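**Student:** Quick one: the structure is below, questions incoming.
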Amino acid sequence: MAGNLISNGDFETGDFTGWSQNGWGINLTGTTGPHTGDFYAGTGCTSFGCFLSQTITTDANATYDLNFWYASGPGGGTDLQLRVYWDGIQIDDIVGNTNGYANFDYTVSATTTSTALAFEGLQVPSFNGIDDVSVAASSATPEPGSITLFIAGLAAVVTRRRRRT
């Protein structure tokens, strides 16, 4: 799987094509505006329960890079929150003002061939906005320890084959 698995992650269709939502809107402008392009997704929810989600096709046991840009409006303190969910599990709870757009990046693993990404927003008295959402197969280089284990395992397989012949 190559490229961004998220459909309409930049919201440039001007609507929620590819997404499921309740309590979110597509915005042209705002206190901050979009991170890039002309549109971003924003929420005006004053209590938790407003979700923006998309289910994507993944490879079970594969690792992915999840990345998005998030902005909260001025003021609000702890009443500005964005919760991030991967496969139904909360992976972050971003609290407070970001003072403009901030980039958030995560390494996540899929357990099945269908994985849901969801954002839950709360804003009192300002707004939350997200833009440029992407999920891509991880290109992380294996750590030296895992390379050593791989080589040891490969040597064991080679040794085992030699014994059989």
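With the numbering used here applied, the sequence shown corresponds to residues 1019 to 1183, in that order. For each residue, glycine too, the CB sits at the ideal point set by N, CA and C. None of the values given here were measured: they were computed from a predicted structure.
1. By Cβ distance, which residues of its chain are closer than 8 Å to residue 1131, with the 5 residues on each side in sequence left out?
2. Does the count of Cβ pairs from the stretch 1101 to 1116 and the stretch 1025 to 1034 closer than 8 Å reach three?
3. Determine the direct distance from the alpha carbon of residue 1036 to that of residue 1122, and round the result to whole angstroms.
4. Which word fits residue 1054, buried or exposed, when buried means at least 16 other C-beta atoms lie within 10 angstroms of its C-beta?
5. In the structure shown, what three-state DSSP assignment does residue 1032 receive?
6. Hey, quick one: how far does the beta strand (DSSP E) through residue 1136 stretch, first residue to last?
7. So, with DSSP's three-state summary, where would you put residue 1068?
8. Could you name the residues of the same chain whose beta carbon sits closer than 6 Å to that of residue 1112, not counting the 5 residues immediately before and after it, in chain order?
9. My guess is that residue 1084 and residue 1090 are in contact by the Cβ rule of under 8 Å, so how many angstroms apart are they, rounded?
**Tutor:** Looking at the atomic coordinates:
1. 1075, 1076, 1077, 1078
2. no
3. 21 Å
4. exposed
5. coil
6. 1132 to 1141
7. strand
8. 1100
9. Contact between residue 1084 and residue 1090 is absent: CB atoms are separated by about 19 Å, not below the 8 Å threshold.
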